[in-house]
Amino acid sequence: MSKPGANEQCPCGSDKKYKKCCRDLTAGMTYTQDDRFSVYSKLDELVEERFGDDADDAHVEFWERFVDETEELPEQLAQASEFVEDVWFAADVPLADGRTLVEVLLVEGDTTSGEKAFLKALQRSSMRLYEVVGVVPGVSLTLREVLEGGQVQVNERSASRTLNRFDWLATRVVPRGASGGPEMEGGVLHIPRLLTDATLATLQRDRAAFSKKELGADATAFFKTQPPFLHGVWIGSILDPVVPGLKNTDGDDMVPTKVRFDVVDGEALTRALCEHVELSASDEGEWSWAGRNPEGTVLSLGHISRLEDGLILETNSAERASRGRALLEAAAGAAIRHRATSHENLTLAVKERIREQFLSGGTDESDERAPSAIPFEIQEAVVLEHMAKHYRAWVDEPVPALDGKTPRQAAAQSKLRPRVVELIHGLEGIYQQALRERQPAYDPSWMWSELGLAEPAPLLPSPLAHERVARKVPGSAEVSRAAAERLRKTAGFSDATTSLSVAELDVDLELQRFLREHKGAANDAGSEGSIASPYLRLMVNFDLHRRKVFWVDDALGYMLGHTELDVVGRELRVPFASFALVFTDRHVLSLAERALSRQESCASAGHILKIATVYVTEARRADRRVLDIAFALDALGADLPALMRHELVLDDDAPVQRYLDEVAPLPVVEPAPLDSNPVRALLRTVINAILYTTSAGVEHATRKPSADTVRQKSVFSSDEVYFLPGAIDITHVRHLQELERVPSGREVLKRFMVRGHWRRATKGWADQNLRWIQPYWKGPDFAAVIERTYRLKE
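Numbering-wise, this note's numbering puts 536 at position 83 of the sequence shown, and it's gapless, one number per residue.
Spelled out as structure tokens, the structure:
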């Protein structure tokens, strides 16, 4: 983070200008992690020797209504709570003489200069409410101070790997921590999204009351009184979780209800149930009850089971149970006699379930369900199809949180636009959490452009993978270029075919010496090899063939993903023996995010990717061409890009599509599910992009870094970039994307959209390269189709 200006607000949250706060006070005030640990140890000793009773009184205040439940927390949560409490008592709670424990140690303790620096940082700190607005995994978090405003970027390695953008948390920020920059200190409390509005409203109310009572007091003085409240919000979400009011489609409270009857005449009862128009037999001794809700929609209302000497009606509300009881008594008459009606407190049951999950360490040990017999690919296809339809409808349906406006309407109003943004942020958080839990994950990022909220795209891509390695491992770029120069001077070198093989890498003395010297260097994962090892052969081959880069336009990438791979091996030719394709569009990146979420022990799994660099190298192996396709997928955090590699053997007459069918086979079921496999989609897009670079009529637009970009030291790609825009109408693409998301849209696409394909040149044509026929629409007007399919939704 750059240093704030002298007249800007100080990042420590003191409400003072930087020049009157931390600029002077942090000069010479540095401390180490050892200083931190030493200070906390001395504070503990001070409490034990002199202030134990004060700490006990503060403990009761801190825990308030949950003070009798402190022993129920699992170790990890208990430690987090204890840390926050200890720092609050030391830095914020006035003792009998008006001083805090930190001030006592500063004045009376035997402390070093580093320990004094840390004590003063604690003295000035206060726990505040922040929203995470930026994440660089393994490096930093950018926090927005929710109540007072302002942003600060904090150095943070561990939490930046687990927190999502737009999460809310309560923590202290010190302007100059042991890392030399702003850091979070004194513990972190996550505030659930369900509680953020209420938490903020309470803080705003209390802040106003504090200002009236304590005239002239600054924000820091107020926030030093708030840790018990913020801790109470956090611990309450665990021990007494808030559960929203649950209602069924009739608008009734969800109260699972069972109505039990004694059976007087079994034959008459069975006959009456089978003849009733609202009941249908679902199995022997089982009936489903369907009817209309107040809006006239037909839906399932309950389930009826015949027991040996009784009958049970089960519904999800007391109102439906009453209605169902009347129906059965009218239909069966004297054949049944009501025995009892019982209700379940669903809200309490949900609260207990959440509480038990937290207290058992985040796992539900009582849930011993067997793994699903349904293949993950089918589950994913069904979930993504359902979510796509749901959210396409959602953007045009009234939402209570938007004052009854639709998200599309609200996005056009300055007053409501921030609420729409917050809702989409919440959906993105759900998507990221699903990725981390390796569950079917639906990416809602299309809503930004759909609702006119998207930011302009950059003119040049973010750092490419080889540039990231060069920065992370000093000397790797130089050793790669040197190896490339040696290869160019060898006998038999060919610009069209020569590449460095794995065997050649293993016997190259200079490359192996470099890897040994950098064994474990900068390797956050802690493996024994050099962090550069998986990338070095890619880098050498890339350097060997003059670092050719093709940046694929967003619209082109989407259309290539919808193009059939109807080619054989001899037709898949590369423009250079080694080159890179770059993708920055969400269509490709979300596919890559889903692919990474399936990989065990992948540091990038669950993070939002910023760029995909795909290195393509053609090699010869026993007179067969082999295409090495290496995906370098980057979240631009502390970890280098995650690698996914595929080797495609190109037999002249073999269909290229066969490789996709082998590497990611579709499940064989009827009816065939939506092809949702992200690996198949990524490979299809990349292979079609390779074909596109050499197809007839394609013109490359060269892009270079601007002079301003070079001067600002923010050059992302130092190479010339061949931009592949394609002659594509962006409106056409958006119509196709929109149609995919409407109900029945995919069926309409099958009927009226001709998928892209490759046309072979006739013998008389001068240019014998393949010609790309992009996907096109052969049906009725887009708008009419979209409107019609939307109205036909169930």
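By construction, the Cβ of each residue, glycine as well, lies at the ideal position given by its N, Cα and C atoms.
In this text, all values refer to a predicted model and were calculated from it rather than measured experimentally.
Here's a check: name, in chain order, each residue in its chain whose Cβ is nearer than 8 angstroms to the Cβ of A865, leaving out the five neighbours to either side. G905
Cβ contact check for the segment 628-648 and the segment 570-581: 3 or more pairs under 8 angstroms: yes
With a 10 Å radius around its C-beta and 16 neighbouring C-beta atoms as the bar for buried, classify A956 as buried or exposed. Exposed, because fewer than 16 other Cβ atoms sit within 10 Å of the Cβ of A956.
Can you check whether the CB of A1033 is closer than 8 angstroms to the CB of L917? yes
Which value, in whole angstroms, describes the spacing of the CA atoms of Q885 and R1047? If you take the alpha carbons of Q885 and R1047, they lie about 10 angstroms apart.
Can we count T655 as close to the ligand ATP, meaning its CB is less than 7 angstroms from some heavy atom? Summarising the ligand content, the structure contains no ligands, and the ligand ATP is consequently not present.
Would you identify the three-state DSSP class for K972, choosing helix, strand or coil? Strand, per DSSP.
What is the DSSP secondary structure of L647, reduced to helix, strand or coil? helix
When the Cα atoms are used, what is the spatial distance from V1130 to R990? First, the amino acid is wrong: residue 1130 is Asn here, not Val. If you take the alpha carbons of N1130 and R990, they lie about 28 angstroms apart.
Between the CA atoms of E739 and I877 - distance to the nearest angstrom: 43 angstroms
With a CB to CB cut of under 6 angstroms and the five nearest residues on each side skipped, what residues in its chain are close to H1060? Excluding sequence neighbours, H1060 sits near P590 and A1088.
Based on DSSP bridge pairs, tell me the residues matched to V605. L596
Give the secondary structure of G945 by DSSP, where H, G and I count as helix, E and B as strand, and everything else as coil. coil
Per the DSSP calculation, S664 is bridged to which residue(s)? In DSSP, S664 forms no bridge with anything.
Beta-carbon proximity of S770 to V708, cut-off 8 angstroms: yes
Using the Cα positions of S733 and A834, report the straight-line distance between them to the nearest angstrom. 30 angstroms
Between L1119 and D1128, how many whole angstroms is the CB-CB distance? I'm expecting something under 8 angstroms. 6 angstroms
Closest residue to L1135 among L1018, C1055, T702 and S1057 (Cα-Cα distance): L1018
Which residue's Cα is closest to the Cα of A672: L596, A725 and L600? Between A672 and the set L596, A725 and L600, the nearest pair of CA atoms involves L600.
Per DSSP, what kind of secondary structure is T702 in: helix, strand or coil? Here T702 carries a coil assignment [DSSP, helix/strand/coil].
One question on the structure: do F519 and I688 come within less than 8 angstroms of each other, judged by their Cβ atoms? Yes; because the gap between Cβ atoms is below 8 angstroms, this pair is in contact.
Whole angstroms are fine: how far does the CA of D539 sit from the CA of D1006? Spanning the two alpha carbons is a distance of roughly 53 angstroms.
P1108 - DSSP class collapsed to helix/strand/coil: The answer is strand: DSSP assigns P1108 an E or B state.
Which of helix, strand or coil does DSSP assign to T564? coil
Excluding sequence positions up to five away, which residues of its chain have a Cβ less than 7 angstroms from the Cβ of R861? Excluding its 5 nearest sequence neighbours in each direction, R861 has C-beta neighbours in its own chain below 7 angstroms: V848, D849 and L904, listed in chain order.
How close, in whole Å, do the beta carbons of L752 and G777 come, if the pair is a contact with beta carbons under 8 angstroms? Actually they do not touch by this definition, with Cβ atoms about 14 angstroms apart.
Unbroken beta strand (DSSP E) runs of length 3 or more, entirely within the segment 982-1013: which are they? 1002-1005
Assuming S986 and L1009 are in contact, meaning their beta carbons sit under 8 angstroms apart, how far apart are those beta carbons, in whole angstroms? For S986 against L1009, the beta-carbon gap comes to about 33 angstroms, at or over 8 angstroms, which does not count as contact.
Taking the C-alpha atoms as reference points, what is the distance between Y493 and Q576? Each residue's alpha carbon lies about 13 angstroms from the other.
Any idea if T652 is buried or exposed, counting beta-carbon neighbours within 10 angstroms, 16 or more meaning buried? Answer is buried; the Cβ neighbour count reaches 16.
Beta-carbon proximity check, L1113 vs R1133, cutoff 8 angstroms: yes
4 or more residues per run - each alpha helix (DSSP H) lying fully within the segment 720-805: 771-785
Using only alpha-carbon positions, find the residue among S534, D507, L855 and V586 that is nearest to D550. Closest by alpha carbon: D507.
Mapping the DSSP letters down to three states, classify V717 as helix, strand or coil. coil
Please say whether G763 and F829 have beta carbons closer to each other than 8 angstroms? no
N460: buried (16+ other C-beta within 10 angstroms of its C-beta) or exposed? exposed
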